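**Q**
In structure tokens, the structure reads:
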């Protein structure tokens, strides 16, 4: 028997806000997903991003509570180039998303920025800097 990586699951406090946020980043959630207690978007390579409301999780784990000491999860999205990192960050922040780290040229050879999803999970936006060899 071999377990294989299949999905990333996030517990969300507001399904509509989370679906809207991830759709803005290009995740293809089905029509009506914002009104469901569980929703999935297919990812390249057959993986899935799964969103469950807090109520859904408490339906099978009644004692579950959201963490109170900050996010420990992040998703990393590779952009086509440094300019896309800047543009996507600006678009998200101007749409009301929380920016955690403005775009900068990181010492590890990437244009790098972080926005937060509606529940405070980090979403890293990055692209190799020209000539970085990544």
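Residue numbers (the UniProt record's numbering): 1 to 134. Cβ coordinates follow ideal geometry from the N, Cα and C atoms, glycine included. Quantities reported herein were computed from a predicted structural model and do not represent experimental measurements.
Take residue 52 and list the residues in its own chain whose beta-carbon comes closer than 6 angstroms to its own, dropping the five residues that flank it on each side.
**A** For residue 52, where only same-chain residues beyond five positions count, the Cβ hits under 6 angstroms are 11 and 38.
**Q** Give the secondary structure of residue 21 by DSSP, where H, G and I count as helix, E and B as strand, and everything else as coil.
**A** If DSSP states are grouped into helix, strand and coil, residue 21 belongs with the helices.
**Q** Going by the CB atoms, is the gap between residue 49 and residue 6 shorter than 8 angstroms?
**A** Taking 8 angstroms as the Cβ cut-off, residue 6 and residue 49 do not qualify as a contacting pair.
**Q** Less than 8 angstroms separating the beta-carbons of residue 113 and residue 101?
**A** Cβ distance < 8 angstroms, so residue 113 and residue 101 count as in contact.
**Q** Could you tell me which uninterrupted beta strand (DSSP E) segments, each at least 3 residues in length, are contained entirely in the region 70-95, listed from first to last along the chain?
**A** Whole beta strand (DSSP E) segments, 3+ residues: 74-78.
**Q** Please work out which residues of its chain come closer than 7 angstroms, Cβ to Cβ, to residue 82, disregarding the five sequence neighbours upstream and downstream, and give them in chain order.
**A** Excluding residues within five positions, the ones whose Cβ falls inside 7 angstroms are 111, 127 and 129.
**Q** Using the C-alpha atoms, what's the distance from residue 69 back to residue 85?
**A** Approximately 28 angstroms between the Cα atoms of the pair.
**Q** Please report the straight-line C-alpha distance between residue 58 and residue 66, rounded to a whole angstrom.
**A** In a straight line, the C-alpha of residue 58 is about 10 angstroms away from that of residue 66.
**Q** According to DSSP, which residues form a beta bridge with residue 128?
**A** Looking at the DSSP assignment, residue 128 forms a beta bridge with 110.
**Q** Could you give the DSSP three-state label for residue 2: helix, strand or coil?
**A** Residue state, collapsed to three classes: coil.
**Q** Whole-angstrom Cβ separation of residue 9 and residue 28, contact assumed at under 8 angstroms?
**A** Not quite, the Cβ-Cβ distance comes to about 17 angstroms (not below 8 angstroms), so this is no contact.
**Q** Quick one: give me the first and last residue of the beta strand (DSSP E) that residue 98 is part of.
**A** Residue 98 -> beta strand (DSSP E) spans 98-105.
**Q** Between the beta-carbon of residue 98 and the beta-carbon of residue 115, is there less than 8 angstroms?
**A** In contact: residue 98 and residue 115 (Cβ atoms closer than 8 angstroms).
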